[in-house]
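Protein chains: 2
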Amino acid sequence: MKQTLQSALLGVVKRKVNSSGRVCNGSFAFSTTRNFTRSKSSQLPFSTVIKPQARHSSLLAIFVAASAFIGLGLTTSFIYGPTLHAEAPPKEKESGTRKIRLADVQKHGRDAEEKWVTKGTRVYDITDWIPGHPGGDVILRAVGGAIDQYWNIFSIHKKQEVYDILESYYIGDVDPQDLVDGEVPMDHVEDPFSGDPVRDERLIVLSARPCNAESPGEALSTWCTPNETFYVRNHMWVPEVDSKIHKLVIELPDGEEKEYTLKDLKKKFQEVKITATLQCSGNRRKHMTEEARSANGLQWNVGAISNAEWKGVRLRDVLADAGFDINDPPEDAKHAHFVGAEAYGASIPIDKAVEKHGDVLIVYEMNGETLPPDHGYPMRVLVPGTVAARSVKWVNKIVISEEESPSQWQRRDYKCFGPNVGPNQANWDEAPAIQEMPVQSAITSLRDISSSSPTDRKLLQVYGLEEDSVAVEGYAWSGGGRRIIRVDISADDGRNWHQAELLPDKSLGSKAWAWRRWRWVVPRGQVGRCFVVKAVDETYNGQPAEYEPHWNFRGNLTNSWHRVGYRHMGT
Amino acid sequence: MKQTLQSALLGVVKRKVNSSGRVCNGSFAFSTTRNFTRSKSSQLPFSTVIKPQARHSSLLAIFVAASAFIGLGLTTSFIYGPTLHAEAPPKEKESGTRKIRLADVQKHGRDAEEKWVTKGTRVYDITDWIPGHPGGDVILRAVGGAIDQYWNIFSIHKKQEVYDILESYYIGDVDPQDLVDGEVPMDHVEDPFSGDPVRDERLIVLSARPCNAESPGEALSTWCTPNETFYVRNHMWVPEVDSKIHKLVIELPDGEEKEYTLKDLKKKFQEVKITATLQCSGNRRKHMTEEARSANGLQWNVGAISNAEWKGVRLRDVLADAGFDINDPPEDAKHAHFVGAEAYGASIPIDKAVEKHGDVLIVYEMNGETLPPDHGYPMRVLVPGTVAARSVKWVNKIVISEEESPSQWQRRDYKCFGPNVGPNQANWDEAPAIQEMPVQSAITSLRDISSSSPTDRKLLQVYGLEEDSVAVEGYAWSGGGRRIIRVDISADDGRNWHQAELLPDKSLGSKAWAWRRWRWVVPRGQVGRCFVVKAVDETYNGQPAEYEPHWNFRGNLTNSWHRVGYRHMGT
Chain C
1 MKQTLQSALL
11 GVVKRKVNSS
21 GRVCNGSFAF
31 STTRNFTRSK
41 SSQLPFSTVI
51 KPQARHSSLL
61 AIFVAASAFI
71 GLGLTTSFIY
81 GPTLHAEAPP
91 KEKESGTRKI
101 RLADVQKHGR
111 DAEEKWVTKG
121 TRVYDITDWI
131 PGHPGGDVIL
141 RAVGGAIDQY
151 WNIFSIHKKQ
161 EVYDILESYY
171 IGDVDPQDLV
181 DGEVPMDHVE
191 DPFSGDPVRD
201 ERLIVLSARP
211 CNAESPGEAL
221 STWCTPNETF
231 YVRNHMWVPE
241 VDSKIHKLVI
251 ELPDGEEKEY
261 TLKDLKKKFQ
271 EVKITATLQC
281 SGNRRKHMTE
291 EARSANGLQW
301 NVGAISNAEW
311 KGVRLRDVLA
321 DAGFDINDPP
331 EDAKHAHFVG
341 AEAYGASIPI
351 DKAVEKHGDV
361 LIVYEMNGET
371 LPPDHGYPMR
381 VLVPGTVAAR
391 SVKWVNKIVI
401 SEEESPSQWQ
411 RRDYKCFGPN
421 VGPNQANWDE
431 APAIQEMPVQ
441 SAITSLRDIS
451 SSSPTDRKLL
461 QVYGLEEDSV
471 AVEGYAWSGG
481 GRRIIRVDIS
491 ADDGRNWHQA
501 ELLPDKSLGS
511 KAWAWRRWRW
521 VVPRGQVGRC
531 FVVKAVDETY
541 NGQPAEYEPH
551 WNFRGNLTNS
561 WHRVGYRHMG
571 T
Chain S
1 MKQTLQSALL
11 GVVKRKVNSS
21 GRVCNGSFAF
31 STTRNFTRSK
41 SSQLPFSTVI
51 KPQARHSSLL
61 AIFVAASAFI
71 GLGLTTSFIY
81 GPTLHAEAPP
91 KEKESGTRKI
101 RLADVQKHGR
111 DAEEKWVTKG
121 TRVYDITDWI
131 PGHPGGDVIL
141 RAVGGAIDQY
151 WNIFSIHKKQ
161 EVYDILESYY
171 IGDVDPQDLV
181 DGEVPMDHVE
191 DPFSGDPVRD
201 ERLIVLSARP
211 CNAESPGEAL
221 STWCTPNETF
231 YVRNHMWVPE
241 VDSKIHKLVI
251 ELPDGEEKEY
261 TLKDLKKKFQ
271 EVKITATLQC
281 SGNRRKHMTE
291 EARSANGLQW
301 NVGAISNAEW
311 KGVRLRDVLA
321 DAGFDINDPP
331 EDAKHAHFVG
341 AEAYGASIPI
351 DKAVEKHGDV
361 LIVYEMNGET
371 LPPDHGYPMR
381 VLVPGTVAAR
391 SVKWVNKIVI
401 SEEESPSQWQ
411 RRDYKCFGPN
421 VGPNQANWDE
431 APAIQEMPVQ
441 SAITSLRDIS
451 SSSPTDRKLL
461 QVYGLEEDSV
471 AVEGYAWSGG
481 GRRIIRVDIS
491 ADDGRNWHQA
501 ELLPDKSLGS
511 KAWAWRRWRW
521 VVPRGQVGRC
531 FVVKAVDETY
541 NGQPAEYEPH
551 WNFRGNLTNS
561 WHRVGYRHMG
571 T
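Chains as they are written, first to last, in UniProt numbering: chain C, 1 to 571; chain S, 1 to 571.
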């Protein structure tokens, strides 16, 4: 039995699979298969069957999305699938017969016929491997230089089988005269993030490479978050995409494909504007770590959420144009996969993709401006009401499939488990991928106000108050377009509750995709130690008070009551 | 300005309104209006404009649903709208010139030309009033006898304006020789509930008239609840409906009507089976009262919920047949109102009514049997995933409207407020009517098991246990068809959590409309003082631990953790 490389990377045994994830009997549904079984591969536990055609490179990108994994260190510490000697160096072999200068490696870059990479001090000619690389063209970023940094970003590579594949392409060692202290010098190592944009300094950066930065308080206290301070959640680098040549490929279950440029989308389909909030599943993880136990991942405060007005075209219109029956999807069409230019991948249920009031868009404008590079330029998916991880940026491929996206971010992350479950007990296949999110609310601003300030005086008048008071503001939001109907606020740690004023809702769209901003003003005499907020949505789902019973080791979907201590700052 | 009687009953000033709740300028949109201004009505604060046509009797029934209000006493103690001298007797007038025998009153019943009723010891000829009665034909139940008991059931009558209307029809007093201790004897007073069916003795009756009874534990511990022990939640009596002549009338926004008999429905439309759980918004109210503060209403334990397999036809198919554009509903079609034969009324948003995967049915079979009288014979609406109060029983009219149903049960009940809000602070218009429900779970069975019993031994083996253990079972459910993905259970009051086994899901339907039954077996040595359960649905919404912060004065939607104390009973 031949096992596909993808299967090996996924750590699961699967029959040959086409890009839509369907299992095929005997051969690929629509391609000549090419057997990459190699003479040097006798030590491999499997042989590889790979479709090398360019046509399928982007579908292979889906598999890298499955296999790719960012070893952010601070964000993710668990390992995907069985990890055999994950951190072990490749087996030592008889070698060293050939010494290669780094200048020669550099000559074997993207445009050379033979494509070389270094890993550590070893040199590999991976020319034959490139068409079969599950990550597709992404591998070309590394050729002519070091591959180490990508190996680290996609930590799925850290498996013995993958080390073995690389070793099968070994051609020699870096010439010792090019080494510094026995290592390849830094200037030979390309920075994958060198193309990332310059960012606004007000963003609160949690990790620079890849960039993960939350919106500052002032940005969270507006209806639409300004583009430059909209929170950034990148899984990899920001791909440099030329909007003129960028294409969005739609692949239907029968393998039919149709391509659209940005110009095509704008010309062919009705433009739609909606207001929608995007929230990372890790928003408020910091609170879970602080109030219960340490949870793995970036320790986001309240700012892994932002709101914008988006402009684009409806995915359902594009799918219909591509020949998909949006009114009666076929049996084998259960998920819509999205793949980004940097190889990130995710999927949503087909119902959400085609639902008339689902408002899933391919967007190219954000708050009236061209989509910024950090947010998906030239086009991204927008799946309102759903965890932001499904709103794939820099989207270049959409595949309609019977299965969920096989990506890491669909299958091995963005899920929650019980408070008793650790990384080693997690049954990833049983827990559903996060899609629609639960009720959320947070305090984003807390300040003393007094009648000595003309602005404050006006606010006090609105609330019929004369004495010195405290103004508190924040957001409330729920997934699935479920409208926020009430925000309960307490100035004494939950002993007494009041209803906050829901500020005007100016959102566009079929459902309540945007957050609801709220405000409350309370005389200082009534303020205790701590403010607390909790919201209720139209299904009357609310938020839990405590953190520990909702703790999960990935620290996802923290939505227990947000508490903010109060101390009068004096006037 | 003339004010409609409905407006008076609703306690709101509204311009003339057609049956769909739309406000019209100047005159009714589609009927000859008839002015019932009467010579005797000089004491009335308004004159009445009523459409007397039979065609509109059922639309008027909607208004009785608005105006009707069950003074259950134990279930509801607040009053709908301003109540002027609510309990005051009618003004004393010069009277007594005519003495009327009760036998004569009885002769002026349903089939007589002149229709009389008594209230207390006074007699009224209401012949002229019947066509204008907002409750329509329901009033005929009382003629020829006493009206007192209906006056009590529909406590909206307890307003000075309504007493005044009745007084305008006064014709004399009951002859003193027919009185017992100065009162009309009981045998003259018809029992509105005399037509109610005989019920299973295992039902746990919370109120007999109207019948409100919860399912016993053994019925809750099965996948489908048997019809005879399915919980009963009646707002009034069980109407006696002849399935051969019963008609379902569909009224579209333009006033067009189409009628269907049960036979028509079965013949014309595709039969559909779905499994769906119905839950009263008051389920587990008892726990809210016990754990927080007293909440108004029937003190349901865990049994105001049941599950069944329903057979019927899709509402969307019927609406389409009636000429409604289900794929692109017109702007003025925002709600579907349902009216029952006993005058109960409610509505759901039009999206839910026409949604392909919404599975709203007109059902006539329940668990393979003809729909029982208590559950809507011969037909009821089934709105899966939505509070049971919208699944109107004995349905005879469906109206597509721009407004929500004006009924009491839509506008002045089945809503929640903050924990700080009492009946007097409630802003009913601001809080949305409960539709989709939040996550729920409860323990329905808790028993010691040991290997000395063959059945128990088998169960212990399944769980790999040998020692004496405790088996705990229950249900978990969420609104909107949101699938239950996890049930967390604790045997030590929430200190340690485990995942219960989710029992097989055998449901039919487009979404997860049915509850998920679950089970857990734990060695007795690990059992502490108290079992606790909490569930999570596919949006990762969960349940709150505490009751007080989610208390609401109507005691609706109690979904805080269900705790059940444990004490070993000995073997």
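Using N, Cα and C, we set each Cβ at its ideal position, and we do this for glycine too. In this text the structure is predicted, and so the values were computed from the model without any measurement.
Asked: Ile-398/C burial status per 10 Å Cβ neighbour count (16 or more: buried); Found: buried
Asked: Burial state of Val-395/S (16 or more Cβ within 10 Å); Found: buried
Asked: Three-state secondary structure assigned by DSSP to Val-189/S; Found: coil
Asked: Cutoff 8 Å: Trp-497/S Cβ touching any chain C Cβ; Found: yes
Asked: Burial state of residue 589/C, where buried means 16 or more other Cβ atoms lie within 10 Å; Found: Residue 589/C cannot be examined here, being either before or after the span of chain C that is shown, 1 to 571.
Asked: Neighbour list for His-357/C in chain S, Cβ cutoff strictly below 8 Å; Found: Asp-351
Asked: Neighbour flag for Leu-557/S against chain C, beta carbons, 8 Å; Found: yes
Asked: Phe-69/C at chain S interface by Cβ criterion, 8 Å; Found: Residue placement at Phe-69/C cannot be trusted, given a pLDDT of 31 that sits under 50; the coordinates are not used to answer.
Asked: Residues of the segment 433-458 of chain S with Cβ closer than 9 Å to any Cβ of chain C, in chain order; Found: Ile-434, Gln-435, Glu-436, Met-437, Pro-438, Val-439
Asked: Three or more C-beta pairs below 8 Å linking the segment 405-419 of chain S and the segment 357-364 of chain S; Found: no
Asked: Asp-175/C, DSSP secondary structure in three states; Found: coil
Asked: Expected contact under 8 Å - CB spacing of Tyr-547/C and Glu-214/C to nearest Å; Found: Tyr-547/C to Glu-214/C, Cβ: 19 Å. No contact.
Asked: Ser-453/S classed as buried or exposed, judged by whether at least 16 other C-beta atoms fall within 10 angstroms; Found: exposed
Asked: Opening and closing residue of the alpha helix (DSSP H) in which Thr-455/S lies; Found: 454-462
Asked: Backbone secondary structure at Glu-501/S - three-state DSSP; Found: strand
Asked: Inter-residue Cα distance where the pair is Trp-551/C and Val-536/C; Found: 21 Å
Asked: Contacts that Ala-545/S makes with chain C (C-beta to C-beta distance below 9 Å); Found: Pro-544, Ala-545, Glu-546, Pro-549
Asked: C-beta neighbour in chain C for Asp-413/S, strict 8 Å; Found: no
Asked: Distance CB(Glu-113/S)-CB(Asp-125/S) smaller than 8 Å; Found: no
Asked: Spatially closest choice to Val-470/S from Ala-308/S, Ser-445/S, Ile-171/S, by CA coordinates; Found: Ser-445/S
Asked: Close Cβ partners of Asp-200/S (< 7 Å) along its chain, the five nearest in sequence each way excluded; Found: Glu-228, Thr-229
Asked: Member of Leu-102/S, Gly-422/S, Gly-528/S whose CA lies at the smallest distance from the CA of Pro-185/S; Found: Leu-102/S
Asked: C-beta neighbour in chain C for Gly-480/S, strict 8 Å; Found: yes
Asked: CA nearest to the CA of Cys-530/S, picked from Leu-508/S, Ala-500/S, Asn-496/S; Found: Asn-496/S
Asked: Own chain partners of Arg-122/C with C-beta closer than 7 Å, once the 5 adjacent residues on each side are dropped; Found: Tyr-170, Asp-173
Asked: Minimum Cβ-Cβ distance from Phe-553/S to chain C less than 8 Å; Found: no
Asked: Whole runs of the alpha helix (DSSP H) within the segment 180-258 of chain S, excluding any shorter than 4 residues; Found: 217-220
Asked: Per-residue contacts from Pro-419/S into chain C (C-beta, under 8 Å); Found: Asp-488, Trp-497
Asked: Interface partners of Gly-494/S on chain C, CB under 8 Å; Found: Pro-549
Asked: Alpha-carbon spacing of Glu-167/S relative to Gln-543/C, whole angstroms; Found: 53 Å
Asked: Under 8 Å between C-beta atoms of Gly-145/C and Val-180/C; Found: no
Asked: Proximity to Ser-441/S [Cα-Cα], best of Arg-314/S, Ile-100/S, Trp-515/S, Pro-432/S; Found: Trp-515/S
Asked: Nearest candidate by alpha-carbon position, reference Trp-310/C, set Val-272/C, Gly-345/C, Thr-289/C; Found: Val-272/C
Asked: Length of the line joining the Cα atoms of Val-381/C and Pro-210/S; Found: 53 Å
Asked: Neighbour-count burial assignment, Glu-94/C, 16 or more Cβ in a 10 Å radius; Found: Because the pLDDT of Glu-94/C is 49, which lies under 50, any placement of that residue in the model is unreliable, and the question is left without a value.
Asked: Cut-off 8 Å between Cβ atoms - residues of its own chain near Gln-270/S, not counting five sequence neighbours on either side; Found: Val-313, Arg-314, Asp-317
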